[in-house]
Structures are given as structure tokens and as C-alpha cells.
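Comments concern the structure below.
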């Protein structure tokens, strides 16, 4: 059931068939027109899921059963996806073989893929070494490039493993030991960042979708580009911190603007290479985020430290207003227990 089907219209091919010549391949394709279609509305479902998840998190104990159900579904789905990934190389070989057979000029295709790779790498470079450092500098007034250099070990680990989750321990170690970030901030920010802060993946999915549209000779209007940007961001939030997770969520972006999902096989041969760079940018974004949070929460952290020095641990204090009791669990000379009669 499409619970958000009335909220959006999507681009869908009509019944008119046209002949399209696209430099490398002559094929018969559907001429896309904009019209409302029945069926799964990917963008609407993503937006609805985000608000539904936020509502569940604010419900407290009442929302825990449903949250546990979705968590179990997520784990089961990831196990299925992992199993498919193990056997996917066999299928990918035949998918790529079909594409190669359809190509009339393979040299042109490789040139287009080269420009695509260059565009992705240039975009990741601008984001990772200009946009993120600028945000960090504006927020902290500290040298962002020294901060980045101190994260070099984590970035190399991310490049080698292509997994934000696998890099997480190294990321926290570099933040704490090299950049002197409070371990409480590092332990709080980096796991969240490794789960939802996939800025490199979002950029990659947007560029890949536009490249596939250009390869097919389909012109995208401004509204469709905006939809690609928003859907790529939302899909990247839902991507797992495993290698090539962006390919899994790429179907969401392509479906949102009516592009054929099977064309993603065109970029599979080079995805393993680009995946390493976008993972490194994801980790770098997590690190800059932790540094910014640590700077903005300096006063709060200092207050917690002062309370700890005085022997007051807010996690150990029990306050019973109705009974007139103020009781410190640990007790002792510095932590006495008081009872009001």
C-alpha cells in the first residue's frame, strides 16, 4: 500500500516509443513524460519514514516495542543483503557482459566513465577539503588542515576498508589522542556519524543519477535535479556503513525520477574504486562534526568535570521529592546521604 501516493507526482515513461542514438548505443527507449502514476512512491515513503522514525524516538517507552521490531527487521535485511553480496560477483559478470555487447563504441563509453569518475572525485575533493574545513574554521576558529592531518590514519583505514563502521575505532582513537577531543564527545558523535552522516555517499549518488540520465539522453529539469538531491541525501542517511552500500540505495534515487534501475550496472565496474574515496570523506565529515561539537560544548563539559571533582556524579544521585530524600548511592565522607524528616 502506497501511504503517500497522493503527495508527489513522478516521471514515468508513456507508451510512445522513440529511437534514440546515444553516441555509443542505438536503442529503442520510452520517451519520458511527466505524469502521475500509480505504484510505489519512493520519495514519499522516504520522507514519511523519516518523520515516523523521529516520532517513535520522541514517544519514549511507548515506542520501544515498534522500534525494536524495526531494528530486528533492519538486522534481518542486512543479513540477507550480505548473503546476496557474497554471490553477486557471478551475476554482475553477466550484467556487465550484456552492457558490453550492447555498446557499439566501447572507447566512447570508457571516456564517459572517465569523466564521471573525475566529476565524482572533484566533487568529493571540494567537499572534503574546502567546504568541510571552512565550516570547521567558521565554527571553531582553529586550523582545519592540522585537524585533518591528525586524522590521516583514520582516513587511510577508511580508504582501505571502504567501511565507515569498520573505521569507527580508529576514528575515535585519532580524535582522542591526536586532536584531543573529549572521549565523551567522540563516543557520542562518531557512531551517529558512521550511521547517518554519509555526505560523500549522497554526493556520489546524485552525480551517478545525473550521469545515467545523460548517458540515456534524458534531459532533467530543475525540479528533477532537486528531487535527486533530496532523495540522495535521504537515501544516504539510510545506507549502511558497509562497502558499496551506496549501490543498494541508488535504486531509490533512480526510481524517484523515473530512471531505469538496471542502468546502474554501467557504474558497477568502477564503484569499488570510488567507494573508497567517498568512505574517506564520510569519516572526515564525522571527525569535523565531532570537533565542532566538542568546541561548542566546552562549557557543558567543564561543568560536568567540576561536578565530578566535587564528588557529585549526576548518574549516581537519587532524588525523591515526595519522600523528602536526597540520597547518594555511593555515600562516603565526600558523598553523604541525607534524610529529611
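Residue numbers (my numbering): 13 to 353. The C-beta atom is built at its ideal place from N, Cα and C for all residues, glycine as well.
Using the rule of at least 16 other Cβ atoms within 10 Å of the residue's Cβ for burial, across every protein chain shown, is residue i buried or exposed?
i           : result
residue 71  : exposed
residue 258 : buried
residue 169 : buried
residue 191 : buried
residue 123 : exposed
residue 140 : buried
residue 74  : exposed
residue 312 : exposed
residue 163 : buried
residue 212 : buried
residue 278 : buried
residue 99  : exposed
residue 126 : exposed
From residue i to residue j, what does the alpha carbon distance come to, in whole angstroms?
i           : j           : result
residue 233 : residue 266 : 15 Å
residue 217 : residue 273 : 13 Å
residue 261 : residue 322 : 50 Å
residue 221 : residue 318 : 52 Å
residue 171 : residue 205 : 17 Å
residue 183 : residue 116 : 46 Å
residue 301 : residue 282 : 29 Å
residue 199 : residue 177 : 13 Å
residue 22  : residue 79  : Note that residue 22 scores 48 on pLDDT, short of 50, meaning its location in the model is unreliable and no value can be drawn from it.
residue 174 : residue 138 : 20 Å
residue 275 : residue 128 : 14 Å
residue 209 : residue 246 : 10 Å
residue 157 : residue 148 : 10 Å
residue 181 : residue 305 : 19 Å
residue 142 : residue 160 : 12 Å
residue 91  : residue 187 : 31 Å
residue 167 : residue 193 : 17 Å
residue 135 : residue 291 : 14 Å
residue 236 : residue 271 : 11 Å
residue 289 : residue 249 : 18 Å
residue 64  : residue 308 : 29 Å
residue 150 : residue 66  : 29 Å
Please report the residue range of the alpha helix (DSSP H) in which residue i lies.
i           : result
residue 159 : 156-162
residue 145 : 144-152
residue 120 : 118-138
residue 320 : 310-321
Taking 7 Å as the line, does the beta carbon of residue i fall inside it for any heavy atom of the ligand ATP?
i          : result
residue 90 : The ligand ATP is absent from the structure shown, which contains no ligand whatsoever.
(request) Ignoring anything shorter than 3 residues or poking outside the stretch 173-247, list the beta strand (DSSP E) runs there in chain order. (result) none
(request) May I have a chain-ordered list of the alpha helix (DSSP H) segments no shorter than 4 residues that lie completely inside the stretch 246-281? (result) DSSP assignment within the stretch 246-281 yields the following whole alpha helix (DSSP H) runs of 4 residues or more, N-terminal first: 257-268.
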